[in-house]
Every structure is written in C-alpha cells, then in structure tokens.
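To get my numbering, take the position in the sequence shown, counting from 1, and add 40.
In this text, a Cβ means the ideal position worked out from N, Cα and C, and glycines have one as well.
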Amino acid sequence: MLETIYIARHGFRLSWETSVWNAPTGTPRDPPLSAHGVDQANELASWLKTLPVEERPQTIYSSYVDVPLYRCLQTSTPVAEALGLPILVEHGLAEWYLPVRRGLHPRSLPASELIEWIPLIAPTAHSSLLYPSQKGETPHQLHERTTQVLTLLFNHINSSPDPPKTIILFTHAATLIALGRTLIDDRECFVKAATCSVSRYELVKGKQKERDGLGRWEIKMNGETSFLKGGEERHWDFSFVEAYEEDGVLEDGTDAPLLSDQYKTVDNTSSSTPAELSNTRARLLAYTASRFGSLLRCLPWGFGVQVFTGLVEILGTVSSIHPTTEFEGFSFVISNAQKILDDCKLGDSIAVNGCCLTVTEWDAKEGWFKVGLSNETLQRTDLGSTKVGSRVNLERAMAGHGRFGGHFVQGHVDTVAQLLSITPDGDSIRLLFSLPLSFYYSLIPKGYIALDGTSLTLTHLSIPREGDEYYTDGQTGLFGVMLVQHTQSRTVVAFKQVGDKVAVECDVVGKGVEAIVKNVLQSGGEPNGALEAMIERVVEKVLLQKGLVKPRRAGLVRARMAPTTLPMPSSELLQSIVLHALDAESPLTDSRVLPLSLPAAVEGAEALVGYNARPVGDGVEEQNALKAALDSLVAKEMISCQQRSSDVHFLSLEGASIADAGSHEYLVWSSLDANTPLSAKEIEARVGKDVAKVGQGKAMKNKWVKKQGDGFVKAAETVHDATREQMIQIKTTGTLPDEKELADLRKRKLIEKKKTFYFSIDKGLKFATTIEKLETDLTVELLNSGAWEKSNFKKYNFEAEGAPTNGGALHPLMKVREEFRNIFFEMGFTEMPTNRFVESGFWNFDALYVPQQHPAREVQDTFYLKDPVASSGFPQDYYGRVKKTHEVGGYGSTGYCYPFSKEETSRLVLRTHTTSVSAAMLYKIANQPGGFKPSKLFSIDRVFRNETVDATHLAEFHQVEGVIADYNLTLADLIGFMEVFFKKMGVTNLRFKPAYNPYTEPSLEIFSWHQGLNKWVEIGNSGMFRPEMLEPMGLPADVRVHGWGLSLERPTMIRYGISNIRDLLGHKVPLEMIEKSAAVRFSTSA
C-alpha cells in the first residue's frame, strides 16, 4: 500500500541565466538545466540517499510534455542513478498550458522515443494514465486534472502485486502545487515550489479509502531546500494569476506560451500604416485592455523573467573597456557599485543604463563587477557611446516577492531615442525626445517609459507634421518626460545634452496591447468576433441616432455574444425604461429582449446613449438588477409581472471551434481527395489526432468517406454539415427544436445547458410613464400648509423586519476561555498576570531547570529577538543559585555538569509557554512578606513556537495552565485533582501515561476516551515540579507543586466542529462565523 509521496520540482533552468542556449531535444522552448541546476539535482539525489532505506522512494515518476520536456527528466536522472531505479514517464504530471481558442497544444512523444536523451527511462514498465487536454487548462481544470491523475495512479499502484510504499514525482511548479493541494484537500494551502525543492506527504492511517480512493494525506515537509547549497531559489506560486479569467483563452494554440515561459512581445514591424493604427487604436485599446489586461499585467511574474522596476539604485562608473575573445563584443568593468553587490551571485542580472546584463565576475569588497556586451547590444542601446569614466545607471533584478515601487522593466532595450530639447520648469526639467514611429505606438498617455533604465512618466506624446519644428521624414514620434530634483541627482539621464541618445524600453503592457491590436487589424478578426461586433455596434449607433432604424425588439439577443464593460443602469433608469416600453407596446413577454433605451425627449435618455439600445440579456446579474426595479413598480401597483424560467444552451470550446471551422467529420472529409487515398496517420497530420479520431468514424457512418486500399478517399462530392449548422443555431438562439438532438450534443460535450430566468411584464392599475413621489412622513410643513390633504403617502409595511443592529461579538476562543476561567474561579484559583510576551531565557528556560543545550532552545523551534537581543531583568542572587544548580547540582541532584552561559540566559525570546509566568509567580510567593503560603494559580494566554503552519498547528496559540503549591502534595493528589478538574469540563474517562519533561518529575500525559474517534486521545500534560526548580526559588523543602497544561484551541475546535485551525484563527476567518457562533458550556453530564 502506498503510504508516502515525495513531490519535487525541476532544477534551475539554463534560460534563467542566459538568452543563448541550445535545446538538447531540438524543441525551441525546451531549455535544459544550467550547471547550477545540475548541481541542485545531484544535491537532491545525495540527500535522498542519506534517508533510511525504508524512507527512500521505491518508484520514480517524471513529468513529460513536448514543451517543456527535458528539465524534469534531467532532474530525475541523478536520483534514479543514486537509488538504482528506472524512470517511469507519466504525462498526467505535465506542465500547465493556458487554454486556447483555436488550434491545439502539441501532443507529447511516447516514452519509447525519449530514451535517446534519457537512457534510464523504462518505456515498457509504465504506460501513461492520463494526457492533459491539448486545448489547455484553467487553474480550476489543472486542479481537476491532478485529482484525476492521482486517483488513477493510486489505483494502479495499489492494485499491483508488490506495490511500493514510497514514490517520488518530478514535475513543474504549478502542477506541483496543485498535486499538493489535491492530496491534503485544501486548494488555498500555500505549497512551496522552489527549484529542486521537495515536499513529503504521508497517508493518514485508516483514511485510505476516503475521497473515492484518494485517501486523506498530511503534508510533513513543505518545499524542503535545506540540502541545497543555494537554499530556496526561484519560488513560484499562483498569486500572479489571481486576476486570471476562468474563461480566458488565447487565440491560437500553435504558439501559445506556457505559464512558466518568459513573455515575448510580437515583432514591432507591421504592414499596417501609421494612419490605420492611429484611427483604430483608440477604439481597440479599450476592448483589448479589458479582454487581455489582467493576463498582460501578470505575465512578467513567476515566469523565470528578470524583472526590474526602473528605480535606479546607484550611479556606477565604467572603469575599463576591453574587446573580448569569447564572442564578438566588449567586456565592461563597472566600479563604485558596492551597494548592489552584497548579495551578488554568478549569473545575476544587473540593468546597466536599462540594459539587462549578466555578471561574469565581481568583487563585492572592492565594489566592481564585469559584464559582456555583444555587438548587437552596443548597436541597440546607447552603451556604444560610453567611455572609461562614464557614469551609468545601475539596478539589480528584483525578487518576485519583493515590494514593487516602479513599473515592469525587463532590461530588454527596444530602441534608442534622441534628446531634442531641455526646458527648466522650477526645480524640475522637461526633456523632449524623438524615436522611430514604429515604437511610438507602444506608448500610452500618462504611461511609463524606461530611459537608460530609469522609470519615468510620459508627459507628452505627439507626431510632428510637415512644417512643425521637429518634423523630419514623417517616420518619428515625440515624447516628453519630466525629471524632478530628486531624480536629477540619481540618474545619468539628467547629464545628457541635446543630441545625445538614450536607451528606450517601452512599457510591457503597452507593447502587448499594441501587438494584439496589430494582429486583429491584420487578420480582420474572426467571424462574429470582437472587431466585427464593435463595428456593428458603431454602425447601429449611428443609424439609431439618425432615426433610420428602430431598436431591436424581437428575437433573443444574448448578452454573452456581445460583451460590454458597462454596468446595468440605475434602478430609477430601469423603471423609466420599463414604463416607456410598456407605453409603446403592452405586454412585454420577455424581459431579456427589453432594449436599454429611452425616447430622446425623456429625462435620462442621454445617460443611455452608450448602451446602443442593447437588450438586457439573459445574464443572472442583469435580470436581478431588473428585478429590483420591477419589485418597486409592482409595490406602486404601476405594473404586474411574472417570473419565468427557461433552459438556454451555450457552446463549449469544442462546440465553438465546430461553429467556426466545421465538424470533425467535415474536416476529415475536406482533407481527403476523391482518387488519392490518405492513410490514418496522414489524416491525423492534416487535421490533428483528436479530430481524426472522432471525425473518421462519423464520416464513415455518414458514408462521406470510404476505404480504398490502406487509406481513405471521399465517397461523396458534397456533404451537408448538420452539426455545424446546429452549433451556429445554438450560438444564435440558445436552443434547438429537437430535445433529442440537444441531449446528444450535451453528451458529446459540445454544448452546456444553463437555466435562466426572465419576466413577462404588463401594465398595472396605476400605470403611468412618470413615477409620482410618495410622502413617507406626515410633517409639520404638510400640516401647516394643508398639502397633506392632496398628498399621496407611501403605505406602511407593518410586517417588515426592523434593520438588524450591529454589535460586538466574542470570538469562539474567548467564549471557551471564559468557561475555563469560570471553572478555575469556582475551584478557588487566582489568575496570574500574563502581560509579558517577551521573556529572557532565564525565566523561560533556566529557572525551569531546562538545560541550555536542550533542543527546544534551537532557532528552528523558538523565536529570538534581534533588537534588543538580551536583558538582565532577573534577581542576581536567584540567578546565582540557578547557575550553580545547572553546573554542579544541589538539592539532591548532580546537575547537568556543563558551564552555564550568562549570555544564553540573557537572550530575549517570545515566550514558548506560560510556565515562565508560573516560575516568576512561584518565586514571588516564596519570597513574599510572612513567608510561603499555599496557593492555587492559573493563566490562559498566548505563547509562540516556530512551528510549520498546517491544519492543526500555528506559530502562536493559547496555553491553559494551572499550578497548586502546598505542603507534602503527592502524585495521587495530582491524579485526583485532574479527575475533578476534567469532570467539570464533561470529561470523565481518563488515563495517565508516564512521560518526560525537563522540569517535572514524575510527569504524566493525560488521555481521554473519544467516543467519535473511538480511541484514546491526548488532552493535556502534567507533573510535579522538580526540587532543582523549586528550592533555588526559596520555597521550603517540603513544599510540592503540581503543574498541568493544555491548549485552548483544541477544545474550541472540538466544541465548534472545526477541523482546520486556520478556519478558527487568521485573516480568512469570516466575521459572520464569529458573530453567529453559539455560546459554549462544558457539559458535566458526559
């Protein structure tokens, strides 16, 4: 039975270090591991081999997909060699692709063809259980895919004759995260995904049959990288796609980028003229930004791209320039750069005058680094004009998790611009530049531009015309920026003279939008696409304004087919629209076709011009907005209405492709010739494997094609593609007359059925086209003027509920805490002050007789303060006795026999338990005036541990603690008291198990029988404080102290039925849960 799963990400990619690399497989976007990545893979293999034999993986599964391929298999190879295991290729673990509207992502090769590159692959030992969709996946679909592949993999493994107990999966960041979230059944869980990191998941015993065979898993190791010399690098997560649209798609799968690929802009050259671009840019920009804006904004993050902010860190100086023998170009040494070299590593990127360059040598102490510049770099940037002594702007590439203060700058210079004028403006200066017109259209008014790597806001954009001051040949544009006084002192741009050149990088969002606009213009847009719809709306608007056509009233015009960014009109406008529509035609049988328009003379008509008389549509949000307006009119008896519902069908992605290009069977038929037969593989090459697989059989059934020898030829000269006609009809009307046909199309997953609602509306008893204002109160003014006699008053609704009152609410933890306090007070306890979250090591550890070498004092378990570091706030005479007890013993003990460190005892720490408070209180009662008096004390407050946050652990939690100090107490007294104490909580069936604690002897763990789980569960810890702890305080030798403790969170979670502690504490806890949580009382009858 499979019990443990390791999941590892591939190592550091070569494409992250250099733009010059070769793909071993010949695939253009298939970078291998860098030398550093190979080292990481070897370090991972060495670490796995150090594990006990029973904990090592017994089977290796590796991701493979055509793009990318090599790096996962390359990362798994050293592990396979170290453990003596073959590599099993599983395509279900493949990389995450974006969805595409047209075309398909490439299908991967079988394992048998991969041995050429990875000899350790065992092609016959495993056949892939799942292939990802060639159409790509949304984030939700990725998680569904990982659920499916894990279910299939578990069934396959556990049904084998000798199933492995431990396996390791090699995959990519997005898939790694989705796999981890699927295993622990938490899609919000933070799963680390650094290069060559590894996570370990263990099956919860007895839970293997839950979740349809997936079982219940716990994450025991999250993104471990401690075995890597470079530690955690290149972490990736889903944060950058929070704005990603679930129905967002790319237009074409033939060159669709992976989510982990670097974003590449389209070539700026275009056959479109500047005039064409200028005339359409304003219209298309709004659509393009709304359709693709969220995707463009997130592209640079998490893709292995070196990103800069355009905020210059320092000015460096070019100290030497020499030709290089390694390539055609020069090497620059740049000095005065100490500030940015403290964390420098080989291969790091630094923007020099805005050009991203790779560090090849450096000396942080001396403050210099060396970079290489190719001839192309010198030609495309202004670095070709630098000389020894020139000052240059410097900025390091920023980490994806750092604070972002500027704008996206990639360090990829687009062109150079020439400085035309310098104009003072108070303390600031205005600079005017010219640049080629082909780059001008990538600039956005009030947008950003990087000049020599400096992020600046565009203050001016224009194209000079013939006769203007800066007109040359009609092929240049002008842009302006302003340098404030602060920027002038921190960037080399301020030192430029008229005629000098600067390196230009246009804003990546502007470049992306410009590229999409050009592509749409050149292609003319797809049939029924956005460009066509936009032109139709513009034409219809003009015709409506000229009175040449009337608003459309008949036929269902579906809102999804003509998306708009405009919100629904206000409720008042919607009421006016309904009333005037009823005045023109009554009744209105379908609110979905109600046009959003008013007659020109009616108040509010101008506010609806932008809606172009479009219908309300069948969207839920639109109909809900209309319902609110209708309810108000019904209450005034101006209209009557009835809600109706209907089933509407929408095309799936596959159905939409059939509507555009034809059915699978039609595509197969059209690919054939009447005389020359084509084999099945040749058909696949022409139409794609998936299309051929479905279409070939249907075309044969329809007698459109026939067998001829080993191939296929056309059997009919012409065919009727009924499936495409059905798709077009559903796209237009939302349905078909024949329900059987609809059911068949749903079964083929070409369409989806959704229930929509709408309203039929008719005139009411008090119908009018204007809404009379009703008085809501009988005021003094109405009475004095007599107007009340002619006024209409709004009816009072005596059945309406009053407005809910807002008030504070106790958190469930505080409710359980209060119940605990009541139990303690009832038993005669006094509450200890717990207002010191920060304690010295003396009170937190040493006074409790915890040795200074104890593992609990390690950094990985405890939070130590950096500022201030230490404190001496403890009694010196008491300190001396504690020190002596640790070093040489006393009070019947030999001590720990080690040199006691005052530095260690003085270190400040976030308290790890409230027993530090108990120690201080016991010292206080031992030395109080009149001597020791028996006491019963308790505390409930927060403590802090360096824990990994998961479903049952937090880095801070609450501890419930109690102590009883009296003469001649015994262990029997402690057990008897525990039974009384827990009985007041409703817990009666107890067991006690001997345990070890540094400061109690004897020590007992407390267990209770849990009826729901049908087993004994630990509910607390207890013991009698040791003499080595008590007597140095000054307590009499015959005084004994009982101590016990438990957490506050666990009983709270049990009482409120909460299984994940993050649902009880943290920023994601809904206020509604806190407000509606019931009061809690411990049942004493249990």
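**Request:** Starting from residue 425, follow its DSSP beta bridges and name the residues at the other end.
**Result:** Assignment of beta-bridge partners to residue 425 by DSSP yields no partner.
**Coil, strand or helix - residue 987 by DSSP** = If DSSP states are grouped into helix, strand and coil, residue 987 belongs with coil.
**Option nearest residue 422 by Cα separation, candidates 544, 246, 382 and 1065** = 544
**Message:** Between the alpha carbons of residue 177 and residue 811, how many angstroms are there, rounded?
**Reply:** 51 Å
**Prompt:** So is residue 249 buried or exposed if we call it buried at 16+ other beta carbons inside 10 Å?
**Reply:** exposed
**Whole-angstrom distance between residue 1040 and residue 936, CA atom to CA atom** = About 15 Å.
**Prompt:** To which residues of the same chain is residue 77 closer than 6 Å at the C-beta, ignoring the five residues directly before and after it?
**Reply:** Closer than 6 Å at the Cβ level, and outside the excluded window around residue 77, lie 51 and 52.
**Prompt:** Any chance the segment 963 to 970 sits against the segment 924 to 941, with 3 or more Cβ pairs inside 8 Å?
**Reply:** no
**Message:** Alpha carbons only, please: which of 835, 1061 and 734 is nearest the one belonging to residue 672?
**Reply:** 835
**Neighbourhood of residue 1109 by C-beta distance below 7 Å, restricted to the same chain and skipping five residues each side** = Spatial neighbours of residue 1109 in its own chain (CB-CB distance under 7 Å, excluding positions within 5 residues in sequence) are listed in chain order as 1103.
**Message:** Mapping the DSSP letters down to three states, classify residue 640 as helix, strand or coil.
**Reply:** coil
**Message:** I'd like to confirm something about residue 1053: is its beta-carbon nearer than 8 Å to some heavy atom of the ligand NAD, or not?
**Reply:** Here there are no bound small molecules, and the ligand NAD is not part of this structure.
**Message:** How far does the alpha helix (DSSP H) with residue 406 in it extend, from its first residue to its last?
**Reply:** Segment: none, residue 406 is in no alpha helix (DSSP H) and carries neither H nor E.
**Item:** Expected contact under 8 Å - CB spacing of residue 81 and residue 118 to nearest Å
**Value:** Between residue 118 and residue 81 the Cβ distance is about 5 Å, and since that is below 8 Å, they are a contact.
**Request:** Report all residues from its chain with a CB closer than 7 Å to the CB of residue 699; omit the five preceding and five following residues, and keep chain order.
**Result:** 691, 764, 767, 768 and 771
**Message:** On a Cα-Cα basis, can you pick out the residue from 449, 676, 275 and 918 that is closest to residue 1071?
**Reply:** 918
**Asked** Which stretch, first to last residue, makes up the alpha helix (DSSP H) that contains residue 479?
**Response** 477 to 480
**Request:** Rounded to whole angstroms, what's the CA-CA distance from residue 398 to residue 501? Just pull it up for me.
**Result:** 33 Å
**Request:** Within 10 angstroms of the Cβ of residue 356, are there 16 or more other Cβ atoms? Answer buried if so, exposed if not.
**Result:** buried
**Message:** Judging by CA-CA distance, which residue of 926, 1024 and 879 is the nearest neighbour of residue 864?
**Reply:** 1024
**Request:** Go through the segment 166 to 246 residue by residue and report every complete run of the alpha helix (DSSP H) that reaches 4 residues or more, in order.
**Result:** 179 to 198 and 213 to 224
**Request:** Could you name the residues of the same chain whose beta carbon sits closer than 7 Å to that of residue 58, not counting the 5 residues immediately before and after it, in chain order?
**Result:** 398, listed in sequence order.
**Between the CA atoms of residue 387 and residue 437 - distance to the nearest angstrom** = Residue 437 and residue 387 have their C-alpha atoms spaced approximately 11 Å apart.
**Prompt:** Taking Cβ to Cβ, would you say residue 666 is nearer than 9 Å to residue 740?
**Reply:** Their beta carbons are not under 9 Å apart, which means residue 666 does not touch residue 740 by this criterion.
**Asked** Where does residue 780 fall in DSSP's three states?
**Response** helix
**Request:** Please check the pair residue 714 and residue 707, which I expect to be a contact at CB under 8 Å, by giving their CB distance rounded to whole angstroms.
**Result:** Beta-carbon to beta-carbon, residue 714 and residue 707 are separated by about 17 Å, too far to satisfy the 8 Å threshold.
**Asked** Is residue 634 buried or exposed, if buried means 16 or more other CB atoms sit within 10 Å of its CB?
**Response** buried
**Prompt:** Which two residues bound the contiguous beta strand (DSSP E) that contains residue 748?
**Reply:** 745 to 748 is the extent of the beta strand (DSSP E) around residue 748.
**Item:** Residue interval of the beta strand (DSSP E) (run including residue 464)
**Value:** 455 to 465
**Prompt:** Based on Cα-Cα distance, which residue from 420, 497 and 407 lies nearest to residue 350?
**Reply:** 497
**Prompt:** How would you call residue 137, buried or exposed, if buried means at least 16 neighbouring beta carbons within 10 angstroms?
**Reply:** buried
**Request:** Determine the DSSP secondary structure at residue 801, reduced to helix, strand or coil.
**Result:** Look at residue 801 here: in three-state DSSP terms it is strand.
**Item:** Assigned secondary structure, residue 945 (DSSP; H/G/I helix, E/B strand, else coil)
**Value:** Assigned with DSSP and collapsed to three states, residue 945 falls in helix.
**Prompt:** When you compare each of 878, 791 and 999 to residue 856 by their alpha carbons, which one comes out closest?
**Reply:** 999
**Asked** In the structure shown, what three-state DSSP assignment does residue 370 receive?
**Response** strand
**Asked** In this structure, does DSSP put residue 1110 in helix, strand or coil?
**Response** Secondary structure at residue 1110: coil, using DSSP grouped into helix, strand and coil.
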